Amino acid sequence: MFPIVTLLTDFGTADGYVGQMKGVILTHAPGAALVDITHDIAPQDVTHARFVVDGYWRRFPPGTVHLVVVDPGVGTPRAALAVAADHRFLVGPDNGVLSAALRHEGAHVVSIDVPHGASPVFHGRDVFAPAAAALAEGTPMGQLGAELRAPVCLDWPVPRPNELGQLEGEVIAVDRFGNAITNLDGAVAAGARVNVNTSELGVLRTYGDVEPGQSLALVGSGGLIEIAVREGSAAQRFGLQRGTKVTLLRGVNGQP
Amino acid sequence: MFPIVTLLTDFGTADGYVGQMKGVILTHAPGAALVDITHDIAPQDVTHARFVVDGYWRRFPPGTVHLVVVDPGVGTPRAALAVAADHRFLVGPDNGVLSAALRHEGAHVVSIDVPHGASPVFHGRDVFAPAAAALAEGTPMGQLGAELRAPVCLDWPVPRPNELGQLEGEVIAVDRFGNAITNLDGAVAAGARVNVNTSELGVLRTYGDVEPGQSLALVGSGGLIEIAVREGSAAQRFGLQRGTKVTLLRGVNGQP
Amino acid sequence: MFPIVTLLTDFGTADGYVGQMKGVILTHAPGAALVDITHDIAPQDVTHARFVVDGYWRRFPPGTVHLVVVDPGVGTPRAALAVAADHRFLVGPDNGVLSAALRHEGAHVVSIDVPHGASPVFHGRDVFAPAAAALAEGTPMGQLGAELRAPVCLDWPVPRPNELGQLEGEVIAVDRFGNAITNLDGAVAAGARVNVNTSELGVLRTYGDVEPGQSLALVGSGGLIEIAVREGSAAQRFGLQRGTKVTLLRGVNGQP
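Here the protein sequences come in this chain order: A, B and C. Residue numbers for the first sequence follow this note's numbering, beginning at 4 and rising by one. Residue numbers for the second sequence follow this note's numbering, beginning at 4 and rising by one. Residue numbers for the third sequence follow this note's numbering, beginning at 4 and rising by one.
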């Protein structure tokens, strides 16, 4: 079986930076199967990249190498990480974008040695791509660099009770459709309602439970409560962005 | 030879939904070669997706599995289809997006059983991706679900003669370049002219037959008459969109 | 090892043109590994495509076939090229987009015979894709067509001294981040300053050498001087586009 290397960047594709990285990977790991996750992360948006990585890294088969390059600190003394966690590998900058894997039980982290002559403005090509290829080829982590004890780990905000005893969360991501994903756990929300920017919405099952153009809440595919408009944009309708407060109201059965 | 699985969605890539689907496919069909068609279909635009699918599904080798997820009705009682037609497989929602394959002689259709625990808002990941992987691995259609008798089949509008006896068609797609593809068959159009929004254009051979910035009609790569502007946008110039009427005028040789 | 075929176009993906090309390649070269470089080149922007090709074509392993289709002259008498250079193959229109490979020592060029029945508006699918697949399968260049003596070769503008003896270059590309890549060689620029639209910027090492929002010059990953704004767009800040003049000033050590 060929090794899988996935790629996530904020480079877009039109300037060929990703193309150069792919060339480097295939030169060092000629049998690798390259899988594009996305190159359309907004420039420098580590938070959204982290949201996306959280969603896919464990869905790939054991042995997969995930290359993640959203790297505003390229060329500064921030470390370049290789992480082994849950039988997958991840490679990316030490800015929190790999937090989910770093927190995974038994995660092993090294600080990748920067090769002599690496461009200080393109570690994606000169540091991360070769490291990903090496891992794909079976190189032991220890050969990439020394163990790192305290990589940057970021947390998602945690919902907290407000003065009325209601759970107050917030939007953590807005997707292409304008759906707003919150940090409110969908497990506690069946039959509940949410309040967002003075509008109150029932937590339903799927978009088709309302008419086109109508709004609703639902439990998203990641298990979190989402605000949506059927065949429309909830972000636009309700003015939602990362950080917008969303409050979980009492459920119809009187339970919060 | 490895099995090929192509992917078409309206998900964009930036939110990782497609990444999750790819992980699921490669977990269930580890040797599959993933081929991106597009993830940039406008949200919920089943019609354009159908236009695109029509163009590529039979151009891939026998055995290819085409995953097509433009699915405004996700989670509703609409069926999830697996189709075997002309030695290819297609997987997608029962909303007409697979019409071309469904109409193909000898097409075999099943309604995919929705796995227990599937997210009602992400059948792409939890229903269609596993089904595509299963087909790629050689699973017989019958193991995915029961035969479906009357899937949704959509037609393209058919050109009709107007009161002057001219064939009146319409724009069925506008592409990235602003070329407007009509439903007028190019086979009958050599030497003809078309009328669109009061402008009259000759049906020429290729863009280079006029100067940059000039407009023309031509027979597109799918065999249909197209309205174009060389190195410009016909859609913008003439105000064209899906449904805009385009009339085939008498040819220069006096034939319609 | 499977043969690698990379793809660069200005087609976007949403209309399925690239999907059709992929189907054709995999039909003719069933074991090929397809690698997307980009399909987001601005329509007909041969210059930017050439900039991108320059950056990646030699970074892929020997034997790789690069398919490059930015082709405003499709269907006109412009030749369709196959190039063998430095153990790689390139296929694309004779409009200069393959100049870097054409200039490579020992480059061998043929004019691809256009197959009977090829659409005059989609050589990407009907001429270039089959040729790329044939090369991937090991078909000798000579079987694709006759040798071509004088393909179109484009040069990048060369910096020249101005009346003050300063080297005057220009912007040759603007990337997604708004970084402006110039034709000034970074090798001579360490410790120097540049002048662009009346602003003067020091040539530093990397983005992180200034605060977020501040501007700088640096030596880009291709070895050329770049104008940048940390976590911002230099193109926007300074009104930069292809052709904007950039002057290399005396270095801090008194050397130009």
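Note that CB positions come from ideal geometry on N, CA and C, so glycine has one too. Given the structure is predicted, the values throughout are model-derived calculations rather than measurements.
Note to self: Taking CB distances under 8 Å as the criterion, tell me whether K248 (chain A) reaches chain C.
What the structure shows: Chain C contact via Cβ: absent.
Next item on the list: Mind checking which residues open and close the alpha helix (DSSP H) that includes P133 (chain B)?
Entry: Unbroken alpha helix (DSSP H) run through P133 (chain B): 132-139.
Notebook entry, point to check: For Q169 (chain B) versus L227 (chain B), is the C-beta distance shorter than 8 Å?
Noted result: no
Check: Just the Cα atoms here: how many angstroms apart are G216 (chain A) and G145 (chain C)?
Finding: G216 (chain A) and G145 (chain C): Cα-Cα distance of roughly 59 Å.
Next item on the list: Ignore the nearest five residues each way along the sequence and tell me which others in T201 (chain A)'s own chain have a CB closer than 6 Å to its CB.
Entry: Annotation for T201 (chain A): no residue places its beta carbon closer than 6 Å to its own, counting only its chain and skipping 5 residues before and after.
Check: My guess is that A136 (chain A) and A110 (chain A) are in contact by the Cβ rule of under 8 Å, so how many angstroms apart are they, rounded?
Finding: Not quite, the Cβ-Cβ distance comes to about 21 Å (not below 8 Å), so this is no contact.
Next item on the list: For S122 (chain B), decide whether its Cβ has a neighbour in chain A, counting only Cβ atoms nearer than 8 Å.
Entry: Using a CB distance cut-off of 8 Å, S122 (chain B) counts as an interface residue toward chain A.
Notebook entry, point to check: For the putative contact between S224 (chain C) and R128 (chain A), defined by C-beta atoms under 8 Å, what is the C-beta separation to the nearest angstrom?
Noted result: 6 Å
Next item on the list: Look at the Cβ atom of L187 (chain B), then the Cβ atom of G211 (chain B), and state whether they are nearer than 8 Å.
Entry: Contact: no.
Item checked: Under the three-state DSSP convention, the category L167 (chain C) falls into -> coil
Notebook entry, point to check: So which residues of chain A does F303 (chain B) contact, with C-beta pairs closer than 7 Å?
Noted result: Any answer about residue 303 (chain B) is impossible in this case: the structure gives chain B only from 4 up to 259.
Margin query: Only counting the same chain, and skipping five residues up and downstream in sequence, which positions put a Cβ closer than 7 Å to that of G99 (chain A)?
Written below: V49, R53, V155, C156, L157
Next item on the list: Mind checking the segment 38-56 of chain A against chain B and listing, in chain order, the residues whose C-beta falls within less than 7 Å of any C-beta there?
Entry: Of all residues in the segment 38-56 of chain A, V38, D39, I40, T41, D43, I44, V55 have a Cβ within less than 7 Å of some Cβ in chain B.
Next item on the list: Rank A:E203, A:V124, A:L221 by C-alpha distance to the C-alpha of R233 (chain A) and give the top, closest one.
Entry: A:L221
Notebook entry, point to check: How is D188 (chain B) classed by DSSP in three states: helix, strand or coil?
Noted result: strand
Check: So with Cβ pairs under 8 Å, would you call F14 (chain A) a contact of chain C?
Finding: It does: the Cβ of F14 (chain A) has a partner Cβ on chain C nearer than 8 Å.
Check: So is A139 (chain B) in contact with chain A if we call contact Cβ pairs under 8 Å?
Finding: no
Next item on the list: Show which residues of chain A have a CB atom less than 7 Å away from the CB atom of P133 (chain B).
Entry: Chain A residues near P133 (chain B): none, gap ~12 Å exceeds 7 Å.
Check: So P123 (chain B) and R163 (chain A) are in contact, right, with Cβ under 8 Å, and what is the actual spacing, rounded?
Finding: Rounded, the Cβ-Cβ distance is 29 Å, inconsistent with contact.
Margin query: If you reduce the DSSP assignment to three classes, tell me which class I175 (chain A) lands in.
Written below: strand
Item checked: Limits of the beta strand (DSSP E) - the one that A83 (chain C) falls within -> 83-88
Item checked: For G58 (chain A) and Q239 (chain B), believed in contact at Cβ under 8 Å, the rounded distance -> Going by Cβ atoms, the distance from Q239 (chain B) to G58 (chain A) rounds to 37 Å, so no, they are not a contact pair.
Check: Would I1 (chain A) pass as a contact of P64 (chain A) if the rule is Cβ separation under 8 Å?
Finding: No answer is possible for residue 1 (chain A): the residues shown for chain A start at 4 and end at 259.
Item checked: Straight-line gap, T30 (chain C) to P133 (chain C) (C-alpha atoms, nearest Å) -> 9 Å
Notebook entry, point to check: Is there at least one Cβ from chain B nearer than 8 Å to P118 (chain C)'s Cβ?
Noted result: Interface annotation, P118 (chain C): not in contact with chain B, CB-CB separation never under 8 Å.
Next item on the list: Using beta-carbon positions only, say whether A183 (chain B) and I230 (chain B) come within less than 8 Å of one another.
Entry: Yes, the Cβ-Cβ distance between A183 (chain B) and I230 (chain B) is below 8 Å.
Item checked: Spatially closest choice to E214 (chain B) from C:H51, C:G76, C:L147, by CA coordinates -> C:G76
Checklist line | Opening and closing residue of the alpha helix (DSSP H) in which A237 (chain B) lies | finding: 237-241
Notebook entry, point to check: Per DSSP, T41 (chain C) forms a beta bridge with which residues?
Noted result: C:L11
Next item on the list: Kindly say whether G128 (chain C), judged by its beta-carbon, lies nearer than 8 Å to any beta-carbon of chain B.
Entry: First, the residue type needs correcting, since residue 128 (chain C) is Arg and not Gly in the sequence shown. Taking Cβ atoms only, chain B reaches closer than 8 Å to R128 (chain C), which makes this a yes.
Margin query: Does L251 (chain B) come out as helix, strand or coil in the three-state DSSP assignment?
Written below: strand
Next item on the list: Identify each residue in the segment 226-245 of chain A for which the Cβ-Cβ distance to at least one residue of chain F is less than 7 Å, and report them in chain order.
Entry: As a matter of chain content, chain F is missing from the structure shown, whose protein chains are A, B and C.
Next item on the list: Pull up the distance between the alpha-carbon of V161 (chain B) and that of T247 (chain C), whole angstroms please.
Entry: 51 Å
Next item on the list: Determine the direct distance from the alpha carbon of L204 (chain C) to that of I40 (chain C), and round the result to whole angstroms.
Entry: 32 Å
Check: Buried or exposed: where does Q47 (chain A) fall if 16 or more other Cβ atoms within 10 Å of its Cβ makes it buried?
Finding: buried
Item checked: Cα-Cα separation between T16 (chain C) and D43 (chain B), rounded to whole angstroms -> 7 Å
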